[in-house]
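Numbering (this note's numbering), first residue to last: -13 to 56.
Here it is, written out as structure tokens:
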């Protein structure tokens, strides 16, 4: 594990988002980094489409109605 330097405002936003999502600050930063990477690699997919694909890749069974929303 390494250390990443970020500005104070971004750190504050990560801290606030982590409180809402129930993630640790590190987990929230990791989530945003992963989603950002996926968005750059798949620019034509929406956030919801990326999440459905990631859930399926992890073996999560998604009800048809939820999958259709993406």
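No residue lacks a Cβ here, since even glycine has one placed at the ideal position from N, Cα and C. On a predicted model such as this, the values are computed, not experimentally measured, just so you know.
- Message: Spatial neighbours of residue 36 within its chain, please: C-beta separation below 6 Å, excluding the five flanking residues on both sides.
- Response: The sequence position of residue 36 within the chain shown is 50, counting from 1. The answer, listed in chain order, is 24.
- Task: Count the other C-beta atoms from every protein chain shown that fall within 10 angstroms of the C-beta of residue 13, then say buried if there are 16 or more, exposed otherwise.
- Result: The count along the chain shown starts at 1 and reaches residue 13 at position 27. So residue 13 ends up on the exposed side.
- Message: Taking 7 Å as the limit between beta carbons, can you name the residues of its chain near residue 15, skipping five residues before and five after?
- Response: The count along the chain shown starts at 1 and reaches residue 15 at position 29. Only 0 meet the Cβ criterion.
- Is it buried or exposed for residue 38, if we count other Cβ within 10 angstroms and need 16 for buried? As a first step, residue 38 must be located in the chain shown, where it is residue number 52. Per the 10 Å Cβ criterion, buried.
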